[in-house]
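Numbering (the numbering used here), first residue to last: 20 to 275.
Here it is as C-alpha coordinates:
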(Lines of atoms letter the chains of each structure in order from A and count residues from 1; the text may use other names and numbers.)
(Lines give C-alpha, C1' and ligand atoms only; values in the text may rest on other atoms or scores of the structure.)
Protein backbone atom coordinates (compact mmCIF):
# COMPACT_ATOMS: atom_id res chain seq x y z
CA UNK A 1 0.00 0.00 0.00
CA UNK A 2 1.27 3.49 -0.84
CA UNK A 3 2.04 5.89 1.97
CA UNK A 4 0.06 9.12 2.09
CA UNK A 5 3.12 11.07 0.94
CA UNK A 6 3.55 8.83 -2.12
CA UNK A 7 -0.14 9.10 -2.95
CA UNK A 8 0.13 12.87 -2.74
CA UNK A 9 3.07 12.87 -5.17
CA UNK A 10 1.11 10.67 -7.60
CA UNK A 11 -1.81 13.09 -7.54
CA UNK A 12 0.47 16.07 -8.11
CA UNK A 13 2.19 14.27 -11.00
CA UNK A 14 -1.14 13.36 -12.60
CA UNK A 15 -2.41 16.91 -12.31
CA UNK A 16 0.77 18.23 -13.85
CA UNK A 17 0.67 15.95 -16.89
CA UNK A 18 -3.04 16.51 -17.47
CA UNK A 19 -3.37 13.12 -19.21
CA UNK A 20 -5.64 11.12 -16.94
CA UNK A 21 -7.71 9.10 -19.39
CA UNK A 22 -11.16 10.35 -18.38
CA UNK A 23 -13.14 13.56 -18.63
CA UNK A 24 -15.56 15.46 -16.41
CA UNK A 25 -16.75 19.02 -15.93
CA UNK A 26 -14.05 21.05 -14.18
CA UNK A 27 -15.91 24.33 -13.81
CA UNK A 28 -18.95 26.29 -14.92
CA UNK A 29 -19.16 30.01 -15.65
CA UNK A 30 -22.06 32.37 -16.31
CA UNK A 31 -21.29 33.95 -19.69
CA UNK A 32 -24.47 35.88 -20.41
CA UNK A 33 -27.71 36.96 -18.77
CA UNK A 34 -28.67 38.52 -15.45
CA UNK A 35 -26.02 37.21 -13.05
CA UNK A 36 -22.69 39.06 -13.45
CA UNK A 37 -20.66 37.53 -16.25
CA UNK A 38 -17.76 35.47 -14.91
CA UNK A 39 -19.61 34.04 -11.88
CA UNK A 40 -18.08 30.59 -11.41
CA UNK A 41 -19.15 27.31 -9.82
CA UNK A 42 -18.38 23.60 -9.82
CA UNK A 43 -19.81 20.09 -9.93
CA UNK A 44 -20.98 18.41 -6.74
CA UNK A 45 -18.23 17.49 -4.28
CA UNK A 46 -15.45 18.81 -6.52
CA UNK A 47 -11.99 18.37 -4.99
CA UNK A 48 -9.82 19.68 -7.82
CA UNK A 49 -8.61 18.15 -11.09
CA UNK A 50 -8.10 14.61 -9.74
CA UNK A 51 -9.25 11.59 -11.71
CA UNK A 52 -10.38 9.38 -8.83
CA UNK A 53 -12.50 12.07 -7.18
CA UNK A 54 -14.08 13.53 -10.31
CA UNK A 55 -14.96 11.02 -13.03
CA UNK A 56 -17.83 8.56 -13.12
CA UNK A 57 -18.05 5.88 -15.82
CA UNK A 58 -21.12 3.78 -16.60
CA UNK A 59 -20.65 0.52 -18.53
CA UNK A 60 -23.92 -1.27 -17.82
CA UNK A 61 -25.68 -1.63 -21.22
CA UNK A 62 -29.09 -1.18 -19.58
CA UNK A 63 -28.05 2.23 -18.16
CA UNK A 64 -30.30 1.42 -15.21
CA UNK A 65 -27.71 2.62 -12.72
CA UNK A 66 -27.42 5.87 -10.78
CA UNK A 67 -26.89 8.86 -13.05
CA UNK A 68 -24.68 10.48 -10.41
CA UNK A 69 -21.47 9.06 -8.98
CA UNK A 70 -21.48 7.60 -5.45
CA UNK A 71 -19.60 10.72 -4.34
CA UNK A 72 -22.20 13.02 -5.96
CA UNK A 73 -25.42 11.62 -4.54
CA UNK A 74 -26.47 14.45 -2.23
CA UNK A 75 -28.25 17.67 -3.16
CA UNK A 76 -26.12 20.82 -2.70
CA UNK A 77 -23.05 18.71 -1.93
CA UNK A 78 -20.40 21.44 -1.84
CA UNK A 79 -18.19 20.84 1.23
CA UNK A 80 -15.14 22.73 -0.06
CA UNK A 81 -15.52 26.56 -0.07
CA UNK A 82 -12.73 26.71 -2.64
CA UNK A 83 -15.14 25.07 -5.13
CA UNK A 84 -18.55 26.67 -4.55
CA UNK A 85 -21.94 26.03 -6.03
CA UNK A 86 -22.87 28.08 -9.08
CA UNK A 87 -25.52 30.81 -8.86
CA UNK A 88 -27.39 31.70 -12.05
CA UNK A 89 -30.72 33.21 -13.05
CA UNK A 90 -33.48 32.10 -15.42
CA UNK A 91 -32.34 32.72 -18.99
CA UNK A 92 -28.63 32.84 -18.14
CA UNK A 93 -26.13 31.08 -20.37
CA UNK A 94 -23.67 28.80 -18.58
CA UNK A 95 -20.42 27.49 -20.03
CA UNK A 96 -18.91 24.21 -18.80
CA UNK A 97 -15.31 23.17 -19.45
CA UNK A 98 -13.64 19.78 -19.55
CA UNK A 99 -10.24 18.53 -20.70
CA UNK A 100 -9.94 16.18 -23.66
CA UNK A 101 -7.42 14.05 -21.73
CA UNK A 102 -5.99 12.49 -24.88
CA UNK A 103 -9.30 11.39 -26.38
CA UNK A 104 -8.86 13.86 -29.25
CA UNK A 105 -5.07 13.99 -29.44
CA UNK A 106 -4.37 10.30 -28.75
CA UNK A 107 -7.39 8.25 -29.92
CA UNK A 108 -7.16 4.50 -29.19
CA UNK A 109 -8.05 3.62 -32.82
CA UNK A 110 -8.08 5.78 -35.98
CA UNK A 111 -11.87 5.54 -36.33
CA UNK A 112 -12.65 6.29 -32.68
CA UNK A 113 -16.00 8.06 -32.31
CA UNK A 114 -15.69 10.80 -29.68
CA UNK A 115 -19.42 10.82 -29.11
CA UNK A 116 -21.77 13.55 -27.96
CA UNK A 117 -22.32 15.79 -24.96
CA UNK A 118 -25.80 16.24 -23.48
CA UNK A 119 -27.09 18.62 -20.78
CA UNK A 120 -30.22 17.66 -18.83
CA UNK A 121 -31.88 19.28 -15.81
CA UNK A 122 -34.60 18.86 -13.22
CA UNK A 123 -36.04 20.81 -10.30
CA UNK A 124 -37.34 17.59 -8.73
CA UNK A 125 -34.45 17.64 -6.29
CA UNK A 126 -35.55 14.55 -4.39
CA UNK A 127 -34.86 12.48 -7.51
CA UNK A 128 -31.90 10.16 -7.68
CA UNK A 129 -32.54 9.03 -11.24
CA UNK A 130 -30.85 6.37 -13.27
CA UNK A 131 -28.98 7.36 -16.40
CA UNK A 132 -31.72 5.65 -18.42
CA UNK A 133 -34.32 7.95 -16.83
CA UNK A 134 -32.24 11.04 -17.53
CA UNK A 135 -31.54 10.37 -21.21
CA UNK A 136 -35.25 9.73 -21.82
CA UNK A 137 -36.00 13.38 -20.97
CA UNK A 138 -36.72 15.63 -23.95
CA UNK A 139 -36.55 19.35 -24.70
CA UNK A 140 -40.31 19.80 -24.22
CA UNK A 141 -40.19 18.19 -20.77
CA UNK A 142 -42.62 15.47 -21.78
CA UNK A 143 -40.22 12.62 -22.46
CA UNK A 144 -39.69 9.70 -20.12
CA UNK A 145 -41.18 10.28 -16.67
CA UNK A 146 -41.67 13.98 -17.44
CA UNK A 147 -39.61 15.13 -14.44
CA UNK A 148 -36.74 16.70 -16.35
CA UNK A 149 -35.72 18.14 -19.67
CA UNK A 150 -32.99 18.26 -22.27
CA UNK A 151 -31.50 21.77 -22.05
CA UNK A 152 -29.78 21.98 -25.43
CA UNK A 153 -29.35 19.82 -28.49
CA UNK A 154 -26.38 17.44 -28.20
CA UNK A 155 -22.98 18.58 -29.41
CA UNK A 156 -19.75 16.78 -30.24
CA UNK A 157 -17.30 16.07 -27.42
CA UNK A 158 -14.71 17.75 -29.65
CA UNK A 159 -15.51 21.45 -29.94
CA UNK A 160 -12.98 21.73 -32.77
CA UNK A 161 -10.64 23.99 -30.81
CA UNK A 162 -9.68 22.30 -27.54
CA UNK A 163 -6.55 20.22 -27.17
CA UNK A 164 -3.95 19.30 -24.57
CA UNK A 165 -0.43 20.64 -25.03
CA UNK A 166 1.14 17.20 -25.42
CA UNK A 167 3.19 17.53 -28.60
CA UNK A 168 1.02 15.23 -30.71
CA UNK A 169 0.38 16.14 -34.37
CA UNK A 170 -3.20 17.18 -33.62
CA UNK A 171 -2.08 19.32 -30.69
CA UNK A 172 0.57 21.06 -32.80
CA UNK A 173 -1.95 21.64 -35.59
CA UNK A 174 -4.56 23.19 -33.33
CA UNK A 175 -2.11 25.31 -31.39
CA UNK A 176 -0.74 26.65 -34.67
CA UNK A 177 -4.32 27.75 -35.45
CA UNK A 178 -4.56 29.50 -32.04
CA UNK A 179 -6.51 26.64 -30.53
CA UNK A 180 -5.85 24.70 -27.36
CA UNK A 181 -7.05 24.64 -23.79
CA UNK A 182 -10.12 22.92 -22.38
CA UNK A 183 -13.17 21.89 -24.37
CA UNK A 184 -16.31 24.00 -23.92
CA UNK A 185 -20.01 23.28 -23.98
CA UNK A 186 -22.88 25.56 -22.99
CA UNK A 187 -26.53 25.49 -21.98
CA UNK A 188 -29.23 27.96 -21.01
CA UNK A 189 -31.05 28.02 -17.68
CA UNK A 190 -34.75 27.54 -18.55
CA UNK A 191 -36.71 30.79 -18.39
CA UNK A 192 -39.41 29.00 -16.38
CA UNK A 193 -37.06 28.06 -13.52
CA UNK A 194 -38.25 29.64 -10.29
CA UNK A 195 -36.00 32.03 -8.38
CA UNK A 196 -34.98 30.53 -5.04
CA UNK A 197 -35.05 26.99 -6.38
CA UNK A 198 -32.21 24.59 -7.12
CA UNK A 199 -31.71 23.30 -10.63
CA UNK A 200 -29.95 19.94 -10.76
CA UNK A 201 -28.03 19.60 -14.01
CA UNK A 202 -26.56 16.46 -15.55
CA UNK A 203 -23.61 16.62 -17.96
CA UNK A 204 -23.71 13.38 -19.94
CA UNK A 205 -21.11 12.11 -22.39
CA UNK A 206 -21.76 9.05 -24.55
CA UNK A 207 -18.34 7.61 -25.40
CA UNK A 208 -19.56 4.19 -26.45
CA UNK A 209 -17.88 4.55 -29.85
CA UNK A 210 -14.42 4.93 -28.33
CA UNK A 211 -13.06 1.83 -30.08
CA UNK A 212 -14.77 2.45 -33.40
CA UNK A 213 -17.56 0.57 -35.19
CA UNK A 214 -15.79 -2.77 -35.04
CA UNK A 215 -16.39 -3.06 -31.30
CA UNK A 216 -20.13 -3.57 -31.50
CA UNK A 217 -22.13 -3.19 -28.30
CA UNK A 218 -19.47 -1.37 -26.29
CA UNK A 219 -21.09 0.79 -23.58
CA UNK A 220 -19.24 3.70 -22.00
CA UNK A 221 -20.89 6.80 -20.60
CA UNK A 222 -19.63 9.51 -18.25
CA UNK A 223 -21.56 12.00 -16.11
CA UNK A 224 -21.04 14.98 -13.84
CA UNK A 225 -23.82 16.20 -11.55
CA UNK A 226 -24.28 19.85 -10.67
CA UNK A 227 -26.63 21.87 -8.47
CA UNK A 228 -27.24 25.49 -9.45
CA UNK A 229 -28.79 28.04 -7.10
CA UNK A 230 -31.32 30.07 -9.03
CA UNK A 231 -31.22 33.78 -8.26
CA UNK A 232 -33.48 36.61 -9.34
CA UNK A 233 -33.58 37.52 -13.00
CA UNK A 234 -32.55 41.15 -13.45
CA UNK A 235 -34.98 43.07 -15.65
CA UNK A 236 -33.99 46.17 -17.59
CA UNK A 237 -35.60 48.39 -14.93
CA UNK A 238 -33.79 46.57 -12.13
CA UNK A 239 -30.55 46.83 -14.07
CA UNK A 240 -30.89 50.59 -14.34
CA UNK A 241 -31.72 50.97 -10.66
CA UNK A 242 -28.77 48.87 -9.56
CA UNK A 243 -26.38 50.46 -12.00
CA UNK A 244 -25.47 47.08 -13.44
CA UNK A 245 -24.02 47.02 -16.93
CA UNK A 246 -25.24 43.93 -18.67
CA UNK A 247 -23.80 44.57 -22.12
CA UNK A 248 -21.74 41.39 -22.09
CA UNK A 249 -24.64 39.02 -22.71
CA UNK A 250 -24.80 39.55 -26.47
CA UNK A 251 -21.02 39.59 -26.70
CA UNK A 252 -20.69 36.11 -25.26
CA UNK A 253 -23.85 34.52 -26.67
CA UNK A 254 -22.41 34.62 -30.18
CA UNK A 255 -19.37 32.66 -29.03
CA UNK A 256 -21.20 29.80 -27.29
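Idealized CB from N, CA, C, for every residue including glycine.
message = Does the structure place the region 92-108 close enough to the region 70-83 that three or more beta carbon pairs sit under 8 Å?
response = no
Alpha carbon of residue 212 to alpha carbon of residue 132, nearest angstrom = Whole-angstrom Cα-Cα distance: 35 Å.
Classification of residue 158 by the beta-carbon crowding that lies within 10 angstroms, buried from 16 upward = exposed
key: Run of the alpha helix (DSSP H) containing residue 152, from where it starts to where it stops   = 150-154
key: For residue 138: DSSP bridge partner residues   = 171, 222
query = Which residue comes first and which comes last in the alpha helix (DSSP H) that contains residue 191?
reply = Run containing residue 191: 188-195, per the alpha helix (DSSP H) assignment.
ask   = Which residues mark the beginning and the end of the beta strand (DSSP E) in which residue 206 is found?
value = 202-207
key: Beta bridge counterpart(s) of residue 348 as assigned by DSSP   = Outside the shown range of the chain (20 to 275) lies residue 348, about which nothing can therefore be said.
message = At the level of alpha carbons, what is the spacing between residue 216 and residue 63?
response = 16 Å
task = Would you list the one or two residues that DSSP bridges to residue 117?
result = 202.
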